[in-house]
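> The structure follows.
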Amino acid sequence: MADPADEPQAEKLSVLATKLRWLRAKGNLTLQELSQRSGISQSTLSKIENGQLSPTYEKIAALAKGLGVEVGELFKRSAPGAAYGRRGITRRGEGVVHVSPQYDYEVLCADLSGTQFLPLFTTIKAHSVHEFPTLSRHDGEEFVYVVRGEVVLHSEFYEPLTLRVGDSCYFDSSMGHALVSAGPEDAAVLWVVCSKEVTMPLSKPRAERLA
């Protein structure tokens with residue numbers, strides 16, 4: 004199977020959309036099967052695959068769980084095998100970018116597979132918690148370090164927490180949470196996500212496919 008980076012449509016679709024289509028095909032999964040595994044509707048999956056919808060991190064995590072891969076795998080342009088003594092380097096402004104209504108994520112060191120955590124340079128575009136349909140919840144743990152501006156962390160069990168440049172916070176991802184910019188300008192943070200998900204096998208025999 005050709006790598007997603009070699010597909011002609013890769014220039015038109017986001018890395019996430021292209022990689023999602025490639026991983027689903029690689030795993031021999033129909034939209035219905037991936038919908039059942041991820042809890043995301045078939046129509047939403049189709050829109051994501053065709054670059055018509057930019058999913059939240061919560062949905063990205065659900066996609067990864069349904070596909071049986073790490074979250075970072077959805078942002079990799081290629082899928083090299085794991086190697087001992089490896090390292091990843093991302094030059095300034097060269098990360099894989101994913102845009103959502105509330106955040107602009109730049110995925111760092113996306114060339115590495117099978118990593119234990121996902122580093123994101125994130126611009127916080129939301130300035131009010133009311134800009135989120137719901138608080139985000141997913142398995143794992145998260146670390147936030149403020150690089151620019153001032154942010155407020157809204158969470159399910161605590162009062163809103165203001166963080167300024169140089170401040171950091173570590174929290175449980177299963178607790179509802181949202182990060183917003185507190186000042187007039189969009190803030191920026193280094194956001195590290197570690198997933199606790201136990202991934203499922205990606206492929207299954209073709210005979211088991213639904214008609």
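Residue 4 is where the sequence shown starts when you use the numbering used here, and the numbers rise one by one after that.
Using N, Cα and C, we set each Cβ at its ideal position, and we do this for glycine too.
Any beta-carbon of chain B closer than 8 Å to the one on ASP142?
In the structure shown, chain B cannot be found, because there is only a single protein chain.
> Answer yes if the segment 172-185 comes into contact with the segment 141-151, meaning at least three C-beta pairs across the two stretches below 8 Å, and no otherwise.
As far as the Cβ criterion goes, the segment 141-151 touches the segment 172-185, which means the pair count is three or higher.
> Should the segment 22-40 be called in touch with the segment 152-168, which here means at least 3 C-beta pairs below 8 Å?
Too few Cβ pairs lie closer than 8 Å, so no.
> Just the Cα atoms here: how many angstroms apart are LYS62 and GLU159?
Counting from one through the sequence shown, the residue named residue 62 turns up at place 59. Counting from one through the sequence shown, the residue named residue 159 turns up at place 156. Taking the straight line joining both Cα atoms gives about 19 Å.
> Out of GLY75, GLU153 and HIS133, which has the shortest C-alpha to C-alpha gap to GLY117?
The residue labelled residue 117 in the question sits at position 114 within the sequence shown. Out of GLY75, GLU153 and HIS133, GLY75 has the C-alpha closest to the C-alpha of GLY117.
> Which first and last residues belong to the beta strand (DSSP E) in which LEU182 is found?
Here residue 182 corresponds to residue number 179 of the sequence shown, with the count starting at 1. Here the beta strand (DSSP E) through LEU182 covers 180-184.
> Candidates GLY96, LEU115 and LEU111: which alpha carbon is nearest ASP88's?
Counting from 1 along the sequence shown, the entry for residue 88 is found at position 85. One point to set straight first is that residue 88 is Gly, not Asp, in the sequence displayed. Ranking GLY96, LEU115 and LEU111 by Cα distance to GLY88 puts LEU115 first.
> Could you check the C-alpha separation between ALA67 and ASP107 for me, to the nearest Å?
Numbered from its first residue, the sequence shown carries residue 67 at position 64. Numbered from its first residue, the sequence shown carries residue 107 at position 104. About 19 Å.
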